[in-house]
Amino acid sequence: MDTPTHARQLLNDTIIFQESLIDQARALSKFKDIVAFLVDCIAFAEKYLPPDLVREWSLSNQTIPLLVERTKPLFDHHTSDPKGLIFAVSSTASTASSDAFSFITGSHNYLEGKEERDEFSGLAMTYRNLVTGDEERDHVISFLKPINPTAASKYEDASHQFRLLPNGEDPQEPLMGLRSALDLTLRSLLEMAGLSRKDRSELKKASWLPTIAEHLSKDEASKIDLILANSQFQDLWEKLSAAKNTKLPVQVANALALQASSILNLISRTVSIAPNDE
-17 MDTPTHARQL LNDTIIFQES LIDQARALSK FKDIVAFLVD CIAFAEKYLP
33 PDLVREWSLS NQTIPLLVER TKPLFDHHTS DPKGLIFAVS STASTASSDA
83 FSFITGSHNY LEGKEERDEF SGLAMTYRNL VTGDEERDHV ISFLKPINPT
133 AASKYEDASH QFRLLPNGED PQEPLMGLRS ALDLTLRSLL EMAGLSRKDR
183 SELKKASWLP TIAEHLSKDE ASKIDLILAN SQFQDLWEKL SAAKNTKLPV
233 QVANALALQA SSILNLISRT VSIAPNDE
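Mapping of the sequence shown onto the working numbering: residues -17 to 260, in sequence order.
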């Protein structure tokens, strides 16, 4: 290779490396936003919820310690693929932040004053921007289309409608659309996991996510993220089922729509359409 060719190759390698660093910085910025929201949720809980309740949640929480442990190789520079690791820990961070937000939502009866309700509305708006942004919506839609086009269509319509709702307006219609999209998605994934019609009909909701995790997760870390999200899913599904026949307070309905969107985001990031070989 002659000198001019060496120089051109050096420029090409530099451009590729620069683009890789830019992509890595973007991924890290998004990860930072998710962790910042998690910290905001913890601060809100410590400020407005009973200390004993917060302590109990903190002691039983599994996702935050896991998140801290998984990020160590990134900050210690012990990884050959920092961008890939950032994407992986972002899924764990999303599970942790969803868990914290669900904890606050489940304790909404303690939020009686105007100050805490206004602050909760701001927290919910931040979460809406995180889980229903263009990048997240596009990723979920592209993931769902080959799995269940109806689920993709319902999610696309409901999430778009939800994003356009003015603050304080009842989200009942998009909430039910998100519920339907989530239900169709999970049923289709169970079928793709190889379960017969009979097995699927007999499988309890509590086993849906763990079964999908066992058969369709991208890797071991993704499997754990899905399993850890199962308790959130069960709690969410119980509330979504009740919401079909009961008008919920606007703040609660908004929170449920955000949680449904978050679980669909998580599934789209951690599930592989082709079953794993394990």
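Every residue, glycine too, gets a C-beta built ideally from N, C-alpha and C.
CB-CB length for residue i against residue j, believed under 8 Å
i	j	result
S211	I245	Looking at the sequence itself, residue 211 is Ala, so the reference to Ser does not match. With 8 Å as the limit, A211 and I245 qualify as a contact, their Cβ atoms being about 6 Å apart.
A224	A235	That belief does not hold up - the Cβ atoms of A224 and A235 are roughly 11 Å apart, past 8 Å.
I129	L171	7 Å
R161	L105	Actually they do not touch by this definition, with Cβ atoms about 22 Å apart.
L49	A78	5 Å
D81	Q214	6 Å
A163	K187	The pair is not a contact, with the Cβ atoms about 16 Å apart (cut-off 8 Å).
Helix, strand or coil at residue i [DSSP, three-state]
i	result
S199	strand
T228	coil
I(-2)	helix
E51	helix
Q154	helix
P64	helix
A175	coil
E260	Low per-residue confidence applies at E260: pLDDT is 39, beneath 50, and the placement is therefore not dependable, though the value from the model is reported in the following sentence. If DSSP states are grouped into helix, strand and coil, E260 belongs with coil.
E97	helix
I129	coil
Other residues of its chain near residue i: CB distance less than 8 Å, five sequence neighbours each side excluded
i	result
L218	S84, L238, Q241, A242, I245
R99	L93, Q233
L10	I68
F(-1)	none
Alpha carbon of residue i to alpha carbon of residue j, nearest angstrom
i	j	result
S40	P47	10 Å
L146	D152	12 Å
S73	I16	10 Å
H(-12)	H142	50 Å
K14	S178	42 Å
Q87	L3	The amino acid at residue 87 is misidentified as Gln; the sequence shows Thr. Roughly 37 Å between the two C-alpha positions.
I255	E155	29 Å
T167	P33	38 Å
F102	F26	8 Å
P231	N91	11 Å
V36	S250	30 Å
T45	Q(-9)	45 Å
N43	P131	35 Å
E28	M107	19 Å
Q6	E184	44 Å
G66	M158	34 Å
Y30	K96	12 Å
Cut-off 6 Å between Cβ atoms - residues of its own chain near residue i, not counting five sequence neighbours on either side
i	result
I123	A134, E138
W190	L168
R52	V71, T74
A18	none
K205	A195, S199
R8	none
S89	L31
E260	With a pLDDT of only 39 at E260, under the threshold of 50, the placement of this residue in the model should not be trusted; the figure read from the coordinates follows. Cβ neighbours of E260 beyond the five flanking positions: none.
Sheet register partners of residue i (DSSP bridge)
i	result
V253	S199
Residues near residue i in its chain [Cβ-Cβ closer than 7 Å; skip 5 each side]
i	result
N247	S76, V113, E118, V122
K127	A134
A175	T193, I194, H197, L198, P257
T252	S73, S199, K200, S204, D207, L208
K54	none
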